[in-house]
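Q:
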Amino acid sequence: MLVVLVLMGLISMLLLESFTYILHLRSRFLEQLDDSQRGILQEYWFRSTLAGIVTDYEDGKSIFQGQPRELSGLTLAALDMQVGVPTSFAWQLQYTDGITTLRYQNSQGDYWEVAKWSGDSGEFQYMSMEGEWHKQWPPQFGLKALQIPKMILFQGQRRQMPINWLVKLSDANYTRYDYRLYED
Numbered sequence: 001m002l003v004v005l006v007l008m009g010l011i012s013m014l015l016l017e018s019f020t021y022i023l024h025l026r027s028r029f030l031e032q033l034d035d036s037q038r039g040i041l042q043e044y045w046f047r048s049t050l051a052g053i054v055t056d057y058e059d060g061k062s063i064f065q066g067q068p069r070e071l072s073g074l075t076l077a078a079l080d081m082q083v084g085v086p087t088s089f090a091w092q093l094q095y096t097d098g099i100t101t102l103r104y105q106n107s108q109g110d111y112w113e114v115a116k117w118s119g120d121s122g123e124f125q126y127m128s129m130e131g132e133w134h135k136q137w138p139p140q141f142g143l144k145a146l147q148i149p150k151m152i153l154f155q156g157q158r159r160q161m162p163i164n165w166l167v168k169l170s171d172a173n174y175t176r177y178d179y180r181l182y183e184d
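Mapping of the sequence shown onto our numbering: position 76 corresponds to residue 76, and the numbering continues sequentially without gaps.
1. Hey, out of Phe141, Asp120 and Lys168, whose CA is closest to Ser160's CA?
2. How long is the line joining the alpha carbons of Gln136 and Thr96, rounded to whole angstroms?
3. Leaving out five residues on either side along the sequence, give the residues of the same chain with a beta carbon under 7 Å from the beta carbon of Pro86.
4. Could you tell me which of Pro68, Thr49 and Ser72 sits nearest to Gly60, measuring between CA atoms?
5. Among the candidates Glu130, Leu93 and Leu79, whose CA atom is the shortest distance from the CA of Ser107?
6. State the beta-bridge partners of Gly156 as determined by DSSP.
7. List the DSSP bridge partners of Ser72.
8. To the nearest angstrom, how far is the alpha carbon of Gly31 from that of Leu10?
9. Quick check on this structure: which residue in Ile63, Asp34 and Phe154 has the alpha carbon closest to the alpha carbon of His134?
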């Protein structure tokens, strides 16, 4: 009788320990899944807004401008508007109190925090049609560049690991023809 009682106690203890271990594994898996989905969504937002960049009129307010820590322009895939509507936008890297934040500026001028990491790292780079990388767009030197670069590279961090998001822009890189200038 005593042997049966001891065996039942050991079996119960093993079952409870394995159940606790399985619950712990499940919670860690769900955390990783949530973090992975968040990273995929952040990258999708960034890529879709940049892939939708279009040129503006020669004297337009939303001509593409790029600096190492900020870029702005006109996109057909703004996060706060319907797809296909030309909308001004901006992506910005802001460093405050030891944290770098990737922020999106919507059409109303409000900033949305998209990603954060510790340290002062991260930048945007712009590739010309000749394949040269520049820290700003349009480049300061050389021939007059087209309105939008060929590609944009974002270098940042995710879970304290370096990431690189490279986005190819539209090949239709010409200044818009402004029909308003020729109205009667």
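Cβ coordinates follow ideal geometry from the N, Cα and C atoms, glycine included.
A: A quick look at the data gives this:
1. The residue you call residue 160 lines up with position 160 of the sequence shown. Before going further, note that residue 160 is Gln rather than Ser in the sequence given. The shortest C-alpha separation from Gln160 is found at Asp120.
2. On the sequence shown, residue 136 is found 136 positions in, with the first residue counted as 1. On the sequence shown, residue 96 is found 96 positions in, with the first residue counted as 1. Each residue's Cα considered, the two are about 22 Å apart.
3. The residue labelled residue 86 in the question sits at position 86 within the sequence shown. Result list for Pro86: Val54, Leu74 and Leu76, in chain order.
4. In the sequence shown, counting from the first residue as 1, residue 60 sits at position 60. Comparing Cα-Cα distances from Gly60 to each of Pro68, Thr49 and Ser72, the minimum goes to Ser72.
5. Your numbering for residue 107 matches position 107 in the sequence shown. Of the candidates Glu130, Leu93 and Leu79, the one whose C-alpha sits nearest the C-alpha of Ser107 is Leu79.
6. Position 156 of the sequence shown holds residue 156. Beta-bridge pairing links Gly156 to Ile163.
7. On the sequence shown, residue 72 is found 72 positions in, with the first residue counted as 1. Bridge partners of Ser72: Gln65 and Ala90.
8. On the sequence shown, position 31 is the one that residue 31 refers to. On the sequence shown, position 10 is the one that residue 10 refers to. Strictly speaking, residue 31 in this sequence is Glu, with Gly absent from that position. One C-alpha to the other measures close to 32 Å.
9. As a first step, residue 134 is located in the sequence shown; it is residue number 134 there, counting from the start. The shortest CA-to-CA distance from His134 to any of Ile63, Asp34 and Phe154 is the one to Phe154.
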